[in-house]
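Worksheet for the structure shown next.
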Amino acid sequence: MGSGSILVAKRNTMSVFVSVEDLEGDPIGEVFEVERIYKKFPKDSGFCLRFVGESADASFNALQTPALLTELEALSGAKLDAEERAELERIIKVCTKHAGKKNSYIKFYGEAKSSE
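In this text, residue positions in the sequence shown follow my numbering: the first is 1428, and each later residue adds one.
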C-alpha cells in the first residue's frame, strides 16, 4: 500500500426488516428495520418468533398474528436495553394494529448489509 492509501474495513451487520403487507404483497404501512431485538427472540420455543432471524424470512397471517403478539409481549419482561425495548415496542404497536385482520400479513425479512 502506498503512503496515501486508506484502508477501509467492511463489517457485515445483520438486521431484520418488518413489513405489514396485503394479500398481493404490497406494503400496508411503513417498512422498518430492527437491528437488535430479534437477537433476543427464542430460538427453540414458541410458535412464531423462533422462525424470525437474520438469515430467513417469516410471514404471519391473520390467524397467527395473535400468537405472534403474545410472544412479543412476553419479551417485555426480559432484560432489554433502551434500543432493544424501543424496537420491541415498535413491533408490538404494529402487530397490535394488524393482528387478526383478514388479508394482512406481518412479515420479517432477514437481511445482511455491509457498512463501511
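Ideal placement from N, C-alpha and C gives every residue a C-beta, glycine not left out.
Collapsing the DSSP output to three states places Ala1526 in coil. A residue is called buried once 16 or more other Cβ atoms fall within 10 Å of its Cβ, and Ala1526 is buried on that count. Around the Cβ of Phe1535, a 10 Å sphere holds 16 or more other Cβ atoms; the residue is buried.
Counted as a single uninterrupted DSSP element, the beta strand (DSSP E) harbouring Ala1485 occupies residues Asp1484 to Phe1487. Burial is judged here by how many other beta carbons sit within 10 angstroms of a residue's own beta carbon; Ser1446 has at least 16 and is buried.
Apart from the 5 residues on each side of it in sequence, Leu1507 sits with its Cβ closer than 8 Å to the Cβ of Ile1464, Lys1467 and Leu1515 in its chain, given in chain order. Non-local beta-carbon contacts of Val1458 in its own chain, meaning distances under 8 Å to residues more than five positions away in sequence, involve Phe1444, Val1445 and Ser1446 in chain order. Shortest Cα-Cα distance from Gly1452 to any of Ala1539, Asp1471, Leu1476 and Ile1533 involves Ile1533. DSSP lists no beta-bridge partner residue for Glu1500.
With a 10 Å radius around the Cβ and a threshold of 16 neighbouring Cβ atoms, Phe1487 comes out buried.
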